[in-house]
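Below is one structure, written out as structure tokens; comments come after it.
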Amino acid sequence: MTFNRPRPRSQPPTQPNIPANDSIPKPYELVSLPSVEPKRNAPVGQEKFRSDRISGKIPLTLTVKTTAFVASGVVAMGSDISNQTRNIPLIKTSVLRNQGVIIPGSSLKGVVRSIYEAITISCLCKTKADRTTIPNGYRECLDQKNLCPACQVFGAMGWQGLIRFPDAITTQTKSSTGFMPSLYAPRPKREAYYKNGKVAGRKFYYHTIKAVDKGQQKGIAVQQAGSEFIFSTQLHFMNLTLAELGTLFIVLGQDKPNNPIALKVGGGKPIGMGTMEIAEIHEIELLQTQQDWKQRYCNYIQSPENLTGNKLQDLIKQAIQAAHKTLVQAKQMEQLREVLKFPNDREAPEGMY
Numbered sequence: 128m129t130f131n132r133p134r135p136r137s138q139p140p141t142q143p144n145i146p147a148n149d150s151i152p153k154p155y156e157l158v159s160l161p162s163v164e165p166k167r168n169a170p171v172g173q174e175k176f177r178s179d180r181i182s183g184k185i186p187l188t189l190t191v192k193t194t195a196f197v198a199s200g201v202v203a204m205g206s207d208i209s210n211q212t213r214n215i216p217l218i219k220t221s222v223l224r225n226q227g228v229i230i231p232g233s234s235l236k237g238v239v240r241s242i243y244e245a246i247t248i249s250c251l252c253k254t255k256a257d258r259t260t261i262p263n264g265y266r267e268c269l270d271q272k273n274l275c276p277a278c279q280v281f282g283a284m285g286w287q288g289l290i291r292f293p294d295a296i297t298t299q300t301k302s303s304t305g306f307m308p309s310l311y312a313p314r315p316k317r318e319a320y321y322k323n324g325k326v327a328g329r330k331f332y333y334h335t336i337k338a339v340d341k342g343q344q345k346g347i348a349v350q351q352a353g354s355e356f357i358f359s360t361q362l363h364f365m366n367l368t369l370a371e372l373g374t375l376f377i378v379l380g381q382d383k384p385n386n387p388i389a390l391k392v393g394g395g396k397p398i399g400m401g402t403m404e405i406a407e408i409h410e411i412e413l414l415q416t417q418q419d420w421k422q423r424y425c426n427y428i429q430s431p432e433n434l435t436g437n438k439l440q441d442l443i444k445q446a447i448q449a450a451h452k453t454l455v456q457a458k459q460m461e462q463l464r465e466v467l468k469f470p471n472d473r474e475a476p477e478g479m480y
């Protein structure tokens, strides 16, 4: 037996009425906005493959380093989950397929996009900040003919982007149960969020050694993917420039040892949950020349070019160099690296912060 828990009409729970104390270390940091506003240009689009750009598919392997929980919005009785959880009254479930936990492609794309936006000069897309607090030039792209760097790659309102992620699946069907502490909405008017009355930057949560678990007596039961769970998915892309592809490589943690970053996926980020590391990329299915497009549509049997070994490493190196040269902002990259670098020795806060 499962049932949907109705969404409350009231605002999310706020922190108790205690004075703000910025001397307490926070589990997050702001990545500042570049000093110049985004340059918006006409996007390439998907109506045809461009021979002067790069298209293909990258297999990805994600390893959970701290427990991860991507909520389905469904609450189930513990007895309906497994025999091991029959004594737990209610459990918040993860997104499932064939009884296995998955990471929706849309969730993964959103995480990758947020980092891509932060290290390039891109708009503040889908922010909850009041329009009057958004710096000049940083409002969300609404003109489909003029898009910032991130919107050109990931899409904008009414405009399809150039990449997509299928759902990330795992062969491990046995999830675990964790007990999250109560989490509260952040103080939206905290002074550190603003500079001269304008949004000061983008918020990212630190990675930690492990996630906080309050135990059954104090915590909220959640169905989660345990540490070392392995997920697999693919990044499909078309009509990317070398620099755009290189920026994606950086976001996916392939710019080591210079920028050893990992992703933060799902809920419980303030308490250390959701750290996922992407393994080194060993293969790319690449379609890059005009001849490839002709063969693709003139033959039943497809034989795309699979880059491996030294050729692949040369492509990744060249793409990352192009990204740092034309798209990635050094200051913002340095700030984000300090937040998302992994591994580290940071502890997650167990109390108020």
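Residue 128 is where the sequence shown starts when you use my numbering, and the numbers rise one by one after that.
Using N, Cα and C, we set each Cβ at its ideal position, and we do this for glycine too.
Here the structure is a predicted model, which means the values were calculated and not measured.
- Pro315 is classed as exposed because its beta carbon has fewer than 16 other beta carbons within 10 Å across all chains shown.
- Here Lys255 is exposed. Its C-beta has fewer than 16 other C-beta atoms within 10 Å.
- Distance from the CA of Met365 to the CA of Gly399, rounded to the nearest whole angstrom, comes to 34 Å.
- Within 10 angstroms of the beta-carbon of Leu269 lie fewer than 16 other beta-carbons, which makes it exposed.
- Counting only unbroken stretches of 3 or more residues, the beta strand (DSSP E) elements lying wholly within the stretch 145 to 188 are 155 to 159, in sequence order.
- Its Cα nearest to that of Val392, the residue Val238 stands out among Lys325, Val238 and Leu157.
- By the neighbour-count criterion, in which 16 or more other beta carbons inside 10 Å mark a residue as buried, Leu217 falls on the exposed side.
- Scanning its chain for C-beta atoms nearer than 7 Å, with the 5 sequence neighbours on each side dropped, one finds around Phe358 the residues Leu189, Ile230, Ala295, Ile296 and Thr297, in chain order.
- Ile208 is classed as buried because its beta carbon has at least 16 other beta carbons within 10 Å across all chains shown.
- For Lys438, the enclosing alpha helix (DSSP H) stretches over residues Gly436 to Thr453.
- Sorting Pro262, Ala283, Arg266 and Tyr265 by C-alpha distance to the C-alpha of Lys272 places Ala283 at the top.
- Counting along the chain, Arg464 sits inside the alpha helix (DSSP H) bounded by residues Ala457 to Leu467.
- Residue burial is scored here from C-beta neighbours: Asn386 has at least 16 other C-beta atoms within 10 angstroms and is therefore classed as buried.
- Taking all protein chains shown into account, Val163 has fewer than 16 neighbouring C-beta atoms within 10 Å of its C-beta and is therefore exposed.
- By the Cβ neighbour-count rule, Lys452 is exposed, with fewer than 16 other Cβ atoms within 10 Å of its own.
- Taking a cut-off of 8 Å on C-beta distances, the stretch 173 to 188 touches the stretch 360 to 374, as three or more cross pairs fall below it.
- With a contact defined as Cβ atoms closer than 8 Å, Gln462 and Val158 qualify at about 5 Å.
- Glu465 is the residue among Ala406, Glu465, Ala198 and Val202 whose C-alpha sits nearest the C-alpha of Thr335.
- The stretch 433 to 445 and the stretch 346 to 358 do not touch, with fewer than 3 CB-CB distances between them shorter than 8 Å.
- Shortest Cα-Cα distance from Ser303 to any of Ser178, Val349 and Ala338 involves Val349.
- Bounds of the beta strand (DSSP E) holding Phe364 are Ile357 to Leu367.
- In this structure, the straight-line span from the alpha carbon of Ile261 to that of Arg329 is close to 11 Å.
- In the DSSP assignment, Phe331 falls within the unbroken beta strand (DSSP E) covering Gly328 to Tyr332.
- In the three-state reduction of the DSSP assignment, Thr304 falls in the strand class.
- When beta bridges are read from the DSSP output, Gln279 appears opposite no residue.
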